[in-house]
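**Student:** Right, I'll just put the structure down here and ask away after.
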């Protein structure tokens, strides 16, 4: 994760507050043991949305996933995601 100044963090917080999701998934490790993973993601479409997705990736790490179109008439959407320790650092 890059160093982010106050304005970067405020912009990302506002964007994430409006469009982002936080989830915790449970993975079965066997023998009544589980591993939990924190995941943050944000979905955008359109030219400016795609720029924001790649800006988040460059500033906070993670990855970008190309979403499957529901209809041909829909704009192509991209999802930024970050998990584990990087997700924790992003939310902090």
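Numbering (my numbering), first residue to last: 1232 to 1323.
All residues carry an ideal CB built from backbone N, CA and C; glycine is no exception.
A quick note: this is a predicted structure, and the numbers were derived from the prediction, not measured.
Once you ignore the five residues that flank residue 1255 on each side, which residues in its own chain have a CB closer than 8 Å to its CB?
**Tutor:** Around residue 1255: 1267, 1268, 1269 and 1270.
**Student:** What does DSSP give as the partner residue(s) for residue 1255 in the beta ladder?
**Tutor:** Residue 1255 pairs with 1269.
**Student:** Count Cβ pairs between the stretch 1292–1303 and the stretch 1245–1252 that sit closer than 8 Å; are there 3 or more?
**Tutor:** Too few Cβ pairs lie closer than 8 Å, so no.
**Student:** When we look at the beta-carbon of residue 1272 and count the other beta-carbons within 10 Å, is it buried (16 or more) or exposed?
**Tutor:** Under this definition residue 1272 is a buried residue.
**Student:** Ordered along the chain, which non-local residues of its own chain (more than five positions away) have a Cβ less than 7 Å from that of residue 1321?
**Tutor:** Once the five neighbours on either side are set aside, the close Cβ partners of residue 1321 are 1271, 1291 and 1313.
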